[in-house]
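By the numbering used here, the letter at position 412 of the sequence shown is numbered 413, and the numbering carries on one by one without gaps.
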Amino acid sequence: MDSVYEHAAFEKGVVKHGIISSSTAKYAQLEQACVINSKLNRIQGKRCVVYNVVDHASIEIEDCILVDVFHPNKGRIRLKMRIGEEMGAKEKWWVSRLPGNDFSLSEVADLMRSVSEDEIAETKKMFADVGETVIEQPIKIIPFIENKPWGFELWCASPRNYCAFETSGVVQKFTLDELTCLFPEKLLGDVKTEKFPLIVKIIKADENLSVQVHPDDAYARSLGDVFGKEEAWHVLERSKEAKIYLGFKNFMNAENFKEAVKREEFLSCLNAFEAHVGDSYHIPAGVIHALGAGIKVYEVSTASESTFRIYDYGRGRELHLKDAMRVVRFDGEGYGRGLKMVHKLLRKEEGYEEYQLLKGSGFELRLLKVQGEVKVYTAGKLRVLTCVHGRVTLVSKLHTNTAELSLATTDTVLVPACVESFEMSGDGEVVVAISSITPGGSTSPHDV
Numbered sequence: 002m003d004s005v006y007e008h009a010a011f012e013k014g015v016v017k018h019g020i021i022s023s024s025t026a027k028y029a030q031l032e033q034a035c036v037i038n039s040k041l042n043r044i045q046g047k048r049c050v051v052y053n054v055v056d057h058a059s060i061e062i063e064d065c066i067l068v069d070v071f072h073p074n075k076g077r078i079r080l081k082m083r084i085g086e087e088m089g090a091k092e093k094w095w096v097s098r099l100p101g102n103d104f105s106l107s108e109v110a111d112l113m114r115s116v117s118e119d120e121i122a123e124t125k126k127m128f129a130d131v132g133e134t135v136i137e138q139p140i141k142i143i144p145f146i147e148n149k150p151w152g153f154e155l156w157c158a159s160p161r162n163y164c165a166f167e168t169s170g171v172v173q174k175f176t177l178d179e180l181t182c183l184f185p186e187k188l189l190g191d192v193k194t195e196k197f198p199l200i201v202k203i204i205k206a207d208e209n210l211s212v213q214v215h216p217d218d219a220y221a222r223s224l225g226d227v228f229g230k231e232e233a234w235h236v237l238e239r240s241k242e243a244k245i246y247l248g249f250k251n252f253m254n255a256e257n258f259k260e261a262v263k264r265e266e267f268l269s270c271l272n273a274f275e276a277h278v279g280d281s282y283h284i285p286a287g288v289i290h291a292l293g294a295g296i297k298v299y300e301v302s303t304a305s306e307s308t309f310r311i312y313d314y315g316r317g318r319e320l321h322l323k324d325a326m327r328v329v330r331f332d333g334e335g336y337g338r339g340l341k342m343v344h345k346l347l348r349k350e351e352g353y354e355e356y357q358l359l360k361g362s363g364f365e366l367r368l369l370k371v372q373g374e375v376k377v378y379t380a381g382k383l384r385v386l387t388c389v390h391g392r393v394t395l396v397s398k399l400h401t402n403t404a405e406l407s408l409a410t411t412d413t414v415l416v417p418a419c420v421e422s423f424e425m426s427g428d429g430e431v432v433v434a435i436s437s438i439t440p441g442g443s444t445s446p447h448d449v
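Rendered as structure tokens:
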């Protein structure tokens, strides 16, 4: 090995033709390397050249230049580029956004033109400070609302949602995606991904939502997404005779389907479940579905925003029939079988009940009914808690520090996998989404 390293500290081996600089690393490997201001986490690589980093999830791209730029307003900007790409036409690698990048190199150059070295250093230090302090306690998530033609969506948690932290007297904001990329093990435990894995929303439907379907992992990846979209609904409110549409009612194949979507009465081809408060529905990728008018639901899904609209009541919005045809299921679950879930009591004691609402391949959903005080253990898994009724308080302790968060209805808290337990008190109901995407595969949708 032709080394150099500097302050070093690796956990596991190889490096090969060296350099690395201020170091740390972890599961290492690398090969022809370089790296510079380091810290990293789970790595791999091959011909690398990483630069000015803080803390990453896996770097598994061969022949890669990976640059993290720290901007005082934009935060961490990550750029990926293959070694040798700079030998091609400049408009491709300098002006256009390369796959997986949110900015082009020219856009980043413009952004950084007026940023001083001190500002870059302060931003980078702030990212590191967050990982050593606040990331080890429950974190309140800042929601945002999206108004729709049929009602609204309150986004409680997603890769795009922000959390706010105070470090050294300054309030800073991070998206959940940034936290996942910077502190994957603390946040996710053994879940292996570079993207925050869940989306949680409260959806209010004043009119019928479009009939739609979502892609599985394989099809989503062919479109450049990280995850397919599996989701679930838990009914919070409903008007009389409100319906949930899920799966085909009668035999359907590709040919029949093409004809059926042309008809105005397409909704009559689907199972119509009468909605009741407290009902839970599992919606695997490929299962056709629609939320009926007059319903408010808690929705959780894996972190994809890919939706293929099939039928939209003549509203004039774009339909995605080609994509839908490639993913829609005509098997058992495609007919809605077993997708209205039976709840399972997991724990009961004075002032507390805990139910498993469902267990899918990408997440598990639980309901906590709190009327007093209780201690909850995380089992080393990422949890997203949303108060859906009443008010509760979360208390967690880290060394000599105690963090207390109060949750009113729709307030949402992220509990990182590294938080072993927390105490909860009050009088309310909390829905908990537990990420269960595992390295090397997923669990069976109904394996409980």
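Each residue gets a CB set at the ideal place from its N, CA and C atoms; glycine is no exception.
Take residue 162 as the anchor and find which of 419, 198, 272 has the nearest alpha-carbon. 198
Quick one: Cα of residue 250 to Cα of residue 270, how far? 6 Å
In whole angstroms, what separates the C-alpha of residue 369 from that of residue 262? 40 Å
Buried or exposed (CB count within 10 angstroms, at least 16 for buried), residue 274: buried
Cβ-based burial, residue 365 [other Cβ within 10 Å; buried from 16]: buried
Roughly how far, in whole angstroms, is the beta-carbon of residue 422 from the beta-carbon of residue 377, given that I think they are within contact range, below 8 Å? 6 Å
For the alpha helix (DSSP H) that contains residue 308, what are its first and last residues? That residue, residue 308, is in no alpha helix (DSSP H); it is neither H nor E in DSSP.
For the alpha helix (DSSP H) that residue 141 lies in, which residues bound it at each end? Not the alpha helix (DSSP H): residue 141 falls in the beta strand (DSSP E), residues 140-143.
Which residue comes first and which comes last in the alpha helix (DSSP H) that contains residue 219? 218-223
For residue 290, list the residues DSSP reports as bridge partners. 213, 247
Should residue 173 be flagged as near chain D, meaning a C-beta pair shorter than 8 Å? Within the model displayed, chain D is absent; a lone protein chain is all it includes.
Check whether the segment 343-353 touches the segment 394-407, taking contact to mean three or more Cβ pairs, one atom from each stretch, closer than 8 Å. By the Cβ rule, the segment 343-353 does not count as touching the segment 394-407, because fewer than three pairs are nearer than 8 Å.
Below 8 Å between beta carbons: does that hold for residue 127 and residue 72? no
With distances taken between CB atoms, is the gap from residue 391 to residue 430 smaller than 8 Å? yes
The alpha helix (DSSP H) enclosing residue 111, as first and last residue numbers: 106-113
Spell out the partners DSSP gives residue 373 in its beta bridges. 427
Reduced DSSP category for residue 394 - H, G, I as helix; E, B as strand; rest coil: strand
In the DSSP output, what is residue 159 paired with across the bridge? Per DSSP, none; premise fails for residue 159.
What are the boundary residues of the alpha helix (DSSP H) that residue 187 is part of? 185-189
Contacting residues, own chain, Cβ-Cβ under 7 Å from residue 160 (five flanking each side not counted): 176, 177, 178, 196, 197, 304
Just grab the DSSP bridge partners of residue 314 for me. In DSSP, residue 314 forms no bridge with anything.
Rounded separation between residue 186 and residue 379 - CA only: 14 Å
Starting from residue 436, follow its DSSP beta bridges and name the residues at the other end. Partner residues in the beta bridge of residue 436, as assigned by DSSP, are 364.
For residue 212 and residue 291, believed in contact at Cβ under 8 Å, the rounded distance: The pair is a contact, with the Cβ atoms about 4 Å apart (cut-off 8 Å).
DSSP beta-bridge partners of residue 148: Note: residue 148 sits in a beta bridge opposite 153.
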